[in-house]
Structure formats: structure tokens, C-alpha cells
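Enquirer: Counting the sequence shown from 1 gives a position; the working numbering is that position plus 31.
Backbone N, C-alpha and C define an ideal beta-carbon position, used for all residues, glycine too.
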Amino acid sequence: MKKVIDLHGFSHDESLVKVEEYLLINSFNNDLELELITGKSPKLQDKIIKQILNKHDFNYYIPKYNTGVMYITDNRIN
32 MKKVIDLHGF
42 SHDESLVKVE
52 EYLLINSFNN
62 DLELELITGK
72 SPKLQDKIIK
82 QILNKHDFNY
92 YIPKYNTGVM
102 YITDNRIN
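Rendered as C-alpha cells:
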């Protein structure tokens, strides 16, 4: 089931905590799908990628038609 988290209105620090907490808590079910609405903030997206997604091996996709959203999945084999 896809979850949507909208980060509008959160500081970058609050956003990082919210995203990492959600991903780590929910990564144990092998069907994690997260639609993360960041707005058009390449700086925030870069922080999420470097500080969370790469660190924990999550897969992500930013569509060219809407760069204000990230799709995150956990395709790791547990």
C-alpha cells in the first residue's frame, strides 16, 4: 500500500527525521512504497538522498515530469 508524506511546512531537519523514522519503521514489510512530496527543493531532496536513502540502501525515483516528488521503495532482500 502506497503511503504519501507531504513535507510542505516542515523544516529540513524536521523533514529528515520524519522521513527516516517512517522508512526505518516500515522497511520490514517487503512492500514499502512511499510517495514523498518535497516540493521543488533540490537541496532537501539531496539531503534525503545522501543522509537517508543511500545510507540505508533505499531505492528512489524522481520523475522528470514532477521533480517535487520522490518515489521510494525498499527492494532489499532481507
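Within the continuous beta strand (DSSP E) that includes isoleucine 36, where are the two ends?
Expert: The sequence position of residue 36 within the sequence shown is 5, counting from 1. Its beta strand (DSSP E) spans residues 33-37.
Enquirer: In the DSSP output, what is glutamate 66 paired with across the bridge?
Expert: On the sequence shown, position 35 is the one that residue 66 refers to. Note: glutamate 66 sits in a beta bridge opposite Val35 and Tyr102.
Enquirer: Return the first residue and the last residue of the beta strand (DSSP E) that asparagine 90 is part of.
Expert: Walking along the sequence shown from the start, residue 90 turns up at place 59. 90-92 is the extent of the beta strand (DSSP E) around asparagine 90.
Enquirer: For valine 50, is the classification buried or exposed, using 16 other Cβ atoms within 10 angstroms of its Cβ as the cut-off for buried?
Expert: Position 19 of the sequence shown, counted from the first residue, corresponds to residue 50. Result: buried.
Enquirer: Which term fits aspartate 105, buried or exposed, when burial requires 16 or more other beta carbons within 10 angstroms of its beta carbon?
Expert: Locating residue 105 in the sequence shown gives position 74, where the first residue counts as 1. By the 10 Å Cβ count, aspartate 105 comes out buried.
Enquirer: Quick one: measure Cβ to Cβ for isoleucine 103 and leucine 84, integer angstroms, because I've assumed they're closer than 8 Å.
Expert: Position 72 of the sequence shown, counted from the start, is the residue given in the question as residue 103. Position 53 of the sequence shown, counted from the start, is the residue given in the question as residue 84. With 8 Å as the limit, isoleucine 103 and leucine 84 qualify as a contact, their Cβ atoms being about 7 Å apart.
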